[in-house]
């Protein structure tokens, strides 16, 4: 009977380890870094800042709406001024770890530039979760039709 129990526990542990290993994209980064941000020269297009022809206020509305649509994400404070900074959090489903996400919308000649930063509150490595957080938001923002970036003033 004890061997059956050990087998079940071992099987569950093995499933957890395999699932974790499969989520790691970059072993050199994901075990030692718990922060990620969009960068102009990122090889992955989803990890680059987003440039749109939009007003600061309209871009803020679009980003707020998209954050509200993402499961396990919570919209936090919004700071305004010459640029808009939107704070959000993401809670992991299993352990309840919190990642802090910051979206900065900056005016530019053509409209706005949207940069995203994500950082885990605990741990030395994030197993790639912070880049996935950024990709989750940027992919949703890039799917939006150009007309949605134009708001009625």
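In this note's numbering, the protein residues as written are 31 to 183.
From the three backbone atoms N, C-alpha and C, an ideal C-beta is built for every residue, glycine too.
Boundaries of the beta strand (DSSP E) around residue 120: 114 to 121. Going by DSSP, residue 96 is part of the alpha helix (DSSP H) stretching over 86 to 99.
Of all C-beta pairs linking the region 32 to 44 to the region 126 to 134, fewer than three are shorter than 8 Å, placing the two stretches out of contact. Under the three-state reduction of DSSP output, residue 37 falls in the helix class. Minimum Cα-Cα distance from residue 120 among the listed residues 111, 181, 90, 101 corresponds to 101. Comparing C-alpha distances from residue 74 to each of 164, 175, 177 shows the shortest one belongs to 164.
When the beta-carbon positions are compared, residue 82 and residue 158 stay at least 7 Å from each other.
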